[in-house]
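The structure appears below as structure tokens.
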Amino acid sequence: MRVLDSELMKSYARMAMDGFNQGWHERNGGNLSYRMKAEEVEELREDFKEGEWRVIGWQKGDESAFPGLAGEYFMVSGSGKYFRNIELDPEANVCIIELNEEGNRYRIVWGLKGGGMPTSELPTHLANLEVLKARDPEMRVVYHCHPGNTIALTFVLPLDSRVFTREIFEMVTECAVVFPEGIGIVPWVICGGRQIGEMTAEIMKKQDVAVWAHHGAFCCGKDFDLAFGLMHTVEKSAEILVKVYSMSPSKLNTITPENFRELNAPFGIKINEDFLYERKSNKIGYVPE
Ligand code: 13P
Ligand code: ZN
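Every number in the working numbering is 1181 more than the matching position in the sequence shown, counting from 1.
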């Protein structure tokens, strides 16, 4: 089967356009990777060519290996490519790459037809996908975007996973159900480098969302719907927090730790207690002692 006719390509392009329509992908902002299933690789193999093997490195001269992903195939957005163009011309803006048996070289087997390279965040995506696969073999999607409200909050909330998560949790009941392990925070660190990649992968060992201060967010999922829905939920809550904070520095009413605990049994979840600290004030950004 041709890649362009596949359900996978359609779902990938739909997610890119959904993110663009949310305003999360100005210019070439954001990137998306998907670890393909063996049956998807087999179905599309006839459309593959054999590109040249390249090293995977965060910085020039740097070489990285992802042995946990050896021999796997990924659909990845191209560096400098615009999400708004993916649906129009997937073959020019997206590629499929194969990792070698050591997990330290990749080659492009489809796409980027006018030339180009996979996203500059490729090592970060692979580092995340590697820890996610170890966590749950069904985890396949890693998504990076630039959602405005979430980014705005990184200027006014403490860059502390507990505080940031709790404020987001309190805005929409659904948050604690959708990501009971909360949000990890990476302070400002230069993007595309090893440090930010490794910090994000460390977060992904336990949590499904990582916010990069003053830049954007990374999230993961078993499929495109779950990854997009997760980011959509975080950003919706961030939007409400921005509205509330614009009206008042503190909340008159809110969801309490006891309220959150009531969600555990009916929803079959266990909200991480780290986020359910007692607060001495409803001031937004309150830091527990
Ligand atoms: P790429 O165009 O290389 O994917 O980079 C976009 C981006 O958002 C970097 O953080
Ligand atoms: Zn970015």
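Glycine included, each C-beta is placed from N, C-alpha and C at the ideal position.
- In the structure shown, Lys1294 adopts coil according to DSSP, grouped into three states.
- Here Ile1450 has Val1358, Pro1361 and Leu1444 as same chain residues with Cβ atoms under 7 Å from its own Cβ, once five neighbours each way along the sequence are excluded.
- According to DSSP, residue pairing for Ile1364 in a beta bridge involves Val1390.
- When distances are taken from the beta-carbon of Gly1292 to the heavy atoms of ligand 1, even the shortest one reaches 6 Å or more.
- A check of alpha carbon separations from Arg1347 across Gly1410, Glu1231 and Leu1457 identifies Leu1457 as the nearest.
- For Asn1202, the number of other beta carbons within 10 angstroms of its own is below 16, and it is reported as exposed.
- Fewer than three Cβ pairs drawn from the segment 1329-1339 and the segment 1402-1409 lie within less than 8 Å of each other, which leaves the two stretches out of contact.
- Of the heavy atoms belonging to ligand 1, at least one sits nearer than 6 Å to the Cβ of Ser1260.
- A Cβ-Cβ contact shorter than 7 Å links Ser1342 with Ile1366.
- Counting only residues of its own chain and dropping the five nearest sequence neighbours on each side, Arg1375 has a CB closer than 8 Å to the CB of Trp1239, Gln1240, Asp1243, Ser1245 and Pro1304.
- Collapsing the DSSP output to three states places Lys1464 in a strand.
- In this structure Lys1432 is buried. Its beta-carbon is surrounded by 16 or more other beta-carbon atoms within 10 angstroms.
- The three-state reading of DSSP puts Asn1209 in coil, since its state is none of H, G, I, E or B.
- With the rule of 3 Cβ pairs closer than 8 Å, the segment 1257-1273 does not count as touching the segment 1224-1234.
- Closest in C-alpha terms to Lys1461, from the list Thr1381, Glu1470 and Ile1267, comes Glu1470.
- Scanning its chain for C-beta atoms nearer than 8 Å, with the 5 sequence neighbours on each side dropped, one finds around Val1468 the residues Pro1339, Asp1341 and Val1344, in chain order.
- For Tyr1193, the enclosing alpha helix (DSSP H) begins and ends at Glu1188 to Asn1202.
- Residue pairing by DSSP places Ile1289 opposite Ile1278 in a beta bridge.
- In the three-state DSSP reduction, Ala1382 falls in the helix class (H, G or I).
- Contact between the segment 1381-1388 and the segment 1405-1424 is not established, with fewer than three Cβ pairs separated by less than 8 Å.
- DSSP places Pro1299 within a strand segment (E or B) once states are collapsed to three.
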